[in-house]
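Below is one structure; the comments refer to it alone.
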């Protein structure tokens with residue numbers, strides 16, 4: 070069965086420093102996608118970044134980058150130059166292709182990492 | 051925002067009562083999803099829809115039913131609410147393999 074593991078329940082980082090949030094996954098499907106979402110204290114889920122299993126390069130979106138190591142089955146999120154507004158819960162998720170409709174994908178989420186940025 | 055409205059945003063009800071949560075989208079996206087979020091579990095899929103009247107079960111579908119009679123509306127129903135269904139419920143939409151975009155959530159408390 071497909072599974073996402075986030076082993077860091079909570080982390081601290083100093084403002085302006087970089088931080089890496091860990092995510093490992095398990096799947097036997099050769100085609101999959103990995104996502105990161107941010108959930109601030111206000112509760113909404115915000116999409117940050119996506120990496121496809123066949124993508125040759127690591128995804129980047131502004132200060133966010135994804136360190137994708139396929140052989141190790143890891144998809145760590147790197148946030149550069151942390152800001153106070155980065156304090157939030159971060160969820161890693163994997164796309165699972167539906168058995169019925171292969172374009173109707175379902176997401177499997179990890180349990181999340183709470184990041185606190187210190188001033 | 052992706053044009054997703056969940057209603058109500060907060061609800062308190064008693065065990066055994068029926069509850070319906072509504073997700074409304076203005077994006078005309080084909081796919082809609084209901085998740086629940088509980089401490090220590092991240093988000094777990096309850097049901098999803100891949101078109102009008104087309105739905106399928108997710109990981110934690112027991113005790114829930116859904117309906118989608120129009121593209122824009124996806125309803126989640128708890129026929130007889132139990133305290134274990136106290137949670138935060140999120141609706142999401144997508145066009146397919148694009149990232150899912152989420153509503154703001156409904157906080158449901160069952161006493």
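Residue numbers (my numbering), protein chains in the order written: chain L, 70 to 188; chain X, 51 to 161. Cβ atoms here follow ideal geometry from the backbone N, Cα and C, with glycine treated the same way.
| query | result |
| --- | --- |
| Assign residue 87 of chain L to one of two classes, buried (16 or more other C-beta atoms within 10 Å of its C-beta) or exposed (fewer than that). | exposed |
| Is residue 175 of chain L close to chain X, meaning its C-beta is less than 9 Å from at least one C-beta of that chain? | yes |
| Report the residues of the stretch 68-93 of chain X with a CB closer than 7 Å to any CB of chain L, ordered along the chain. | 81, 90, 91, 92, 93 |
| Mind checking residue 161 of chain X: buried by the 16 CB within 10 Å criterion, or exposed? | exposed |
| Counting only Cβ pairs nearer than 7 Å, list the residues of chain L close to residue 151 of chain X. | 116 |
| Under 9 Å, do residue 144 of chain L and residue 138 of chain L count as touching if we go by C-beta distance? | yes |
| Between which two residues does the beta strand (DSSP E) harbouring residue 165 of chain L extend? | 157-165 |
| Express the C-alpha separation of residue 77 of chain X and residue 122 of chain X in angstroms, rounding to a whole number. | 8 Å |
| Say whether chain L places a C-beta atom closer than 9 Å to the C-beta of residue 139 of chain X. | no |
| Report yes or no: is there a C-beta of chain L within less than 9 Å of the C-beta of residue 95 of chain X? | yes |
| So, at 6 Å on beta carbons, what are the nonlocal neighbours of residue 70 of chain X in its own chain, with the 5 sequence-adjacent residues on each side left out? | 125, 127 |
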